[in-house]
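Please read the structure below before turning to the comments.
In full-length UniProt numbering, the protein residues as written are 1 to 167.
Structural data, given as structure tokens:
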């Protein structure tokens, strides 16, 4: 029997409050790896279905399909060398589909085996903390879009931040 390799196609789901704050999750391994919700497509699964599944698995939030926004954006990137063993021999690139959803700004139920902490941060700060370049780009794009539509007093207000670890 051959090993089950990951499919080199994934989703990135930026969860935000609609007012300039994004939720980031810190992976258990490696420590310091902050990200939005991510995950690989499973056999026969669409990117949209994967995004809904990953949000539920990583945060405990079961989004209604209409709450998920498909950005119709795909990023292709080189798979880090230390993660290539998860993919079939010779696979070096991954295609990532980008989504977002507005959720209430409160702590979420993370999967302890996958994430060690969570933070709500202003979008630009979240972009600085995000490990992956494509995650940073998505957060900065959302920051620019949010800033252009919010009244000045909202974008200039001090940010709330939650820093919680799994218990």
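Just so you know, even glycine gets a beta-carbon here, dropped at the ideal spot from N, CA and C.
Three or more beta-carbon pairs drawn from the stretch 4–23 and the stretch 33–50 are found closer than 8 Å, and the two stretches are therefore classed as touching. In this model, residue 148 and residue 141 are separated by some 11 Å (Cα to Cα). For a cut-off of 8 Å, the C-beta gap from residue 24 to residue 118 is around 7 Å, short enough to register as a contact. Pairing residue 106 with residue 113, the inter-Cα distance amounts to about 21 Å. Here residue 83 is exposed, its C-beta having fewer than 16 other C-beta atoms within 10 Å.
Taking the Cα positions, residue 116 is about 24 Å away from residue 96. Where residue 149 is concerned, the enclosing alpha helix (DSSP H) starts and stops at 133–149. Unbroken alpha helix (DSSP H) runs of no fewer than 4 residues, entirely contained in the UniProt domain "Nudix hydrolase" (6–143), are found at 47–59 and 123–129, following chain order. With fewer than 16 other Cβ atoms inside 10 Å of its own Cβ, residue 133 counts as exposed.
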